[in-house]
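Number of protein chains: 2
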Amino acid sequence: MKLEANRVYNFNPGPATLPIEVLKEAQSEFLNFNKNGMSIVEISHRSKPYEEVHAQTKSDVLELMQLGDDYEVLFIQGGASLQFAMIPMNFASAEHKGSYVLSGTFSSNAYKEANILGVGEIAASSKETGFHHVPNQSELKINPDAAYLHVCYNNTIYGTEFHYIPGTNGVPLFADMSSDMLSRPIDFKKFDFIYAGVQKNLGPAGVVLVVAKKSLIEKSRDTLPTMLRYDTFYKKDSLYNTPPEFCIYMVGKVAKWIKSQGGLSAMAERNAKKAKLLYDAIDNSNGFYRGHADKDSRSFMNVTFRLPNEELEKKFVAEAAANNLCGVKGHRSVGGMRASIYNAMPIEGAATLAEFMEQFKNHNS
Amino acid sequence: MKLEANRVYNFNPGPATLPIEVLKEAQSEFLNFNKNGMSIVEISHRSKPYEEVHAQTKSDVLELMQLGDDYEVLFIQGGASLQFAMIPMNFASAEHKGSYVLSGTFSSNAYKEANILGVGEIAASSKETGFHHVPNQSELKINPDAAYLHVCYNNTIYGTEFHYIPGTNGVPLFADMSSDMLSRPIDFKKFDFIYAGVQKNLGPAGVVLVVAKKSLIEKSRDTLPTMLRYDTFYKKDSLYNTPPEFCIYMVGKVAKWIKSQGGLSAMAERNAKKAKLLYDAIDNSNGFYRGHADKDSRSFMNVTFRLPNEELEKKFVAEAAANNLCGVKGHRSVGGMRASIYNAMPIEGAATLAEFMEQFKNHNS
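Chain order of the listed sequences is A and B. Residue numbers in the first sequence follow this note's numbering, run continuously in steps of one, and reach 597 at the last position. Residue numbers in the second sequence follow this note's numbering, run continuously in steps of one, and reach 597 at the last position.
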C-alpha cells in the first residue's frame, strides 16, 4: 500500500497511526453520521444509532478475542493510569494483596498505585537488569493469597513483550495490554482481567477497554465512589454517564477493520513480518544498531535500539523525518530509537524504515 | 443561517449540537492535522503541534472567562460524575464537610458521592417542591466550617438555572457548570472551582474542563491515587498521562469560535433571543404548553415544558422530528419536552421550533 499524499509513516508509541481506511470513513461521515443529520460527536448516547455502535463494538472485541458470555467489555475513561488505581481499590486488601510483575515503567506505576493504598507486593522484577527482558515463569514468586497477579504484557518504553502466559496456580491473572491489545491471537481465556488504553493499537486517546470475567466485576465494594466501581460500568453497560462516544465509535471501526483483514492471526502475521524487517536490520548491522531488548523478550510492537553515539542518534531522527519516517525517537529513560509498529502500520512502512536504516548505516559507519 | 443539506436542528441535551464551522474545519484536516501528515487522533501528546493546541485551548478559556494567572485550567476524564467523587476526596473531611445545594438530579448525585465518603451535608434543597426553582440566597444554610458550597449552575433535566451568584461568607464556592459553561458572562472570579463536562456547550463527550484557583489545587492529599489528585493534573499540565487529545482539540476550536462570534456577551445575547422565542411560545399558548421551571429560575439552555397529555407529547416529538427538529423529548423524571439551545444552536433553530409549536398548538387544541 502506497503512502497517501501528504501523509507520513508514523512510528509514534501512542497516540499512534490508525488505519487510513478507518480515518477516511470517519471523515466522510463526520457531518452526518448514519444519515441522522448529526455528527457522531453530537449524537445522544441514549439514541439508537449510538447504542448500535456501542453494542457492536463490544461484540466485535469479544469475537476477535474468542471470548464468550462469561466476559464483559467495559469502556472506562482516565487511561490505564486510572486502572492502576481502580484495580487495587476494587480487588486488593491488606490480607489479599495485589502481586505485581515489574517489567518496565508502566508495570512499576501500577505497583506504585497499589502501594499508595498499602495493598501491593512484588512477584518479580527485571529492574536490576535494566528491564531488558520480561521475567520468565521461574522468576515469578506468586503468593497463593494474592488477590491477583498483575503483568504488563508489552512494555512500550523498553520494547519487550511477554511471549508466554504466566501460570499462577489459581491466582487471578490481570494484564495491562495497552500496547499489544488485539495484535495477535492469545488464549485470552487464561486471563481474568485485561485492560488497554486504546490509543496505541485501537483508536484515539480517551477510553480504556476492559475485558474481564463477569464473576469478577459484578460486585464492588460499596464504600467506593460510583465511578470507581467496576460494577457501575458492568450493570449500566458503560452508560452510567456519557461515555466518550467518539473514541468508542473509532475503536468499533478499527475492530471491524481488523476483522476485514483476517482477524488476529492476520494481524500477528503482518506484525511479525514488520518486526522481522526491523530486527534483521539491527542484527545484520555488525553492531551499528544495538537492540535494547533481550532476543527472547523482543516486542512485536515497539522496536528499541541505539546507535553508536547520541550525535548519530539525533542525525538519524532528523534524516528519518525528512524521509517521512516520523516519531522514531526513543523514550528518554532508554534513549536511542523506538519504532512502534502497531497493527495499523503497513508492512511498507517497516520496509521503508529498514531500508533507511541500512542506508544510514552505510553512510555513517 | 440556513440549515446545511442533510443536517437537522439537534435539541438534544448532550452530547449536543456543535458549530457547523467547527465540524467542517475538523473534517477538512482530519487526515492531515497542521500539515504534519497525521490525524489529530494519531499525533503524540508530547509533540509540539499538540502542545500548541493544549496551551491555546487553556488560554482561550481563561480569556473568555476573564480570569487571570491565579486560575488554572485542567483537562480531566471521567465526566462530571467522576468530579462528584474527586471533589470531596480532595477537599472535604469529617470536620469540614462539603455543603450541597440540591437543585436537581446532578447536584443530588454530587451530594450522594460526598455522602458515600461520609463528608457531605445539605445547604438547601428544592426537591420538596419538585425542583421547579433553584434555591434562592435566603434559603441557603451555609455552615461556616464547610469545605465548600457546591451548586449546579444549570439543571439540564429540570430546565432551571442560577441567575445570581451565591454569597457564601468566605466558604469556597464550587460550581458544576456542565450545561451552561461559557454561555454568558459571569463574574467567574467569585468562584473558587468550576467544572464542566464539555459535551453540552463545548465539544465531544470525553473531557471535563476544570477551572480552579491554583491555591486550591496545588496540593492534594498524598493518600489519594495519583489520577484522583488535582495536583497531579496541575503540576503535569494535564499531561501526566495521555489526555483525550481529540476532545481538547475540539474544545479549543469551539472556544476560538466563541471568540470569533464576539465572546460571552455575544453568546448571552444570542442565547437570550433563543430562550425568549421558546418561552414566549409557551407563555402565549393559553396554557396549551406549561413550562416546568418557575419563571425566575428559567434556564437559558434547556427549555422544559409539557403538553395537555402524553398522547399529544408523543405526537409532538414525532412531528417535530419529521420537520428536522430532533431531540426534543424530555427526561423521564420530568416528562414532556425539553429543547436544549446551547451556544451552537442557531437562532433560526429556535425560531423554527417556536413556529412549529405555534402550528402544533393550533392544529391540536
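In this text, a Cβ means the ideal position worked out from N, Cα and C, and glycines have one as well. For clarity, every value in this text was computed on a predicted model and none was experimentally measured.
Contact set for Gln460/B: own chain, Cβ-Cβ below 7 Å, skip 5 residues either direction: In the sequence under discussion, the amino acid at residue 460/B is Leu, which differs from the Gln named in the question. So the qualifying residues of the chain are Met318, Met321.
Roughly how many angstroms separate the alpha carbons of Gly352/A and Val366/A, rounded to a whole number? Taking the straight line joining both Cα atoms gives about 19 Å.
Under 9 Å between beta-carbons, which chain B residues line up against Ile348/A? List them in chain order, please. What Ile348/A touches in chain B: Asp454, Thr455, Leu456, Pro457, Thr458.
Chain-ordered chain B contacts of Asn473/A [CB-CB under 7 Å]: Among the residues of chain B, those whose CB is under 7 Å from the CB of Asn473/A are Gly311, Ser313, following chain order.
Taking 8 Å as the threshold (C-beta atoms), are Tyr332/A and Lys446/A in contact? No, the pair does not count as a contact, with Cβ atoms beyond the cut-off.
Per DSSP, what kind of secondary structure is Ala500/B in: helix, strand or coil? helix
So, is the C-beta of Phe265/B closer than 8 Å to a C-beta in chain A? no
Which of the three DSSP states, helix, strand or coil, is assigned to Ser357/B? strand
Reference Ala504/A, options Arg453/A, Asn575/A, Gly336/A, closest by Cα: Nearest C-alpha to Ala504/A: Asn575/A.
According to DSSP, is Glu304/B helix, strand or coil? strand
Among Asn347/B, Asp528/B, Met482/B, nearest to Val254/B - alpha-carbon criterion: A check of alpha carbon separations from Val254/B across Asn347/B, Asp528/B, Met482/B identifies Met482/B as the nearest.
Do you know offhand how far Met270/A's Cα is from Gly336/B's? Rounded to whole angstroms, the separation of the alpha carbons of Gly336/B and Met270/A is 28 Å.
Apart from the five residues just before and just after Ala582/A, which ones in its own chain have a Cβ nearer than 7 Å to its Cβ? The beta carbon of Ala582/A is closer than 7 Å to those of Lys506, Leu509, Leu510, Ile573 in its chain, skipping five residues each way along the sequence.
Threshold first: 3 residues or longer. Then list the beta strand (DSSP E) segments lying entirely within the stretch 515-580 of chain B, N to C. 534-538, 569-572
So what's Tyr380/A in DSSP terms, helix, strand or just coil? strand
For Ser325/B and Phe537/B, I'd like the C-alpha separation in whole angstroms. 40 Å
So the alpha helix (DSSP H) Val254/B belongs to, where does it begin and stop? 252-260
Could you name the residues of chain B that Thr584/A contacts, counting a contact when the two beta carbons are closer than 7 Å? Within 7 Å Cβ-Cβ: nothing; Thr584/A doesn't reach chain B, min ~14 Å.
Hey, would you say Ile426/B sits closer than 8 Å to Val439/B, going by beta carbons? Taking 8 Å as the Cβ cut-off, Ile426/B and Val439/B do not qualify as a contacting pair.
Any residues in the stretch 547-562 of chain B with a beta carbon nearer than 8 Å to a beta carbon of chain A? Which ones, in chain order? If the cut-off is 8 Å between Cβ atoms, the stretch 547-562 of chain B has Asn556, Cys558, Gly559 near chain A.
Could you check the C-alpha separation between Phe406/A and Asp424/A for me, to the nearest Å? 6 Å
Quick check: Leu250/B and Val285/A, are their CB atoms within less than 8 Å of each other? no
Please state whether DSSP places Thr289/B in a helix, a strand or coil. helix
Would a C-beta distance cut-off of 8 Å place Val293/B and Ala500/B closer than the cut-off? no
Determine, using beta carbons only, whether Asn244/A comes closer than 8 Å to chain B. yes
Label Asp408/B either buried or exposed according to how many other C-beta atoms from any shown protein chain fall within 10 Å of its C-beta, with 16 as the threshold for buried. buried
Does Ala437/A get closer than 8 Å to chain B when you measure Cβ to Cβ? Closer than 8 Å: yes.
Report yes or no: is there a C-beta of chain A within less than 8 Å of the C-beta of Leu544/B? no
Check each candidate in Phe243/B, Arg239/B, Gln309/B and name the one with the smallest Cα separation from Leu585/B. Phe243/B
Does any residue of chain B bring its CB to less than 8 Å from the CB of Arg239/A? yes
For Tyr380/B and Phe465/B, which I take to be in contact (beta-carbon distance under 8 Å), what is that distance rounded to the nearest angstrom? Tyr380/B to Phe465/B, Cβ: 18 Å. No contact.
8 Å contact criterion, which Ser470/A and Leu306/A should meet: CB distance rounded: 5 Å
In whole angstroms, what is the alpha-carbon distance linking Arg278/B and Leu441/B? 20 Å
Report the neighbours of Ile275/A on chain B: residues whose CB is nearer than 7 Å to its CB, in chain order. Pro247
Selected residue, minimal CA-CA separation from Glu345/A, among Leu314/A, Phe363/A, Ser358/A, Ser370/A: Leu314/A
Residues of the stretch 469-500 of chain A in Cβ contact with chain B at a cutoff of 8 Å, in chain order, please. Tyr472, Asn473, Thr474, Pro475, Pro476, Glu477, Phe478, Cys479, Met482
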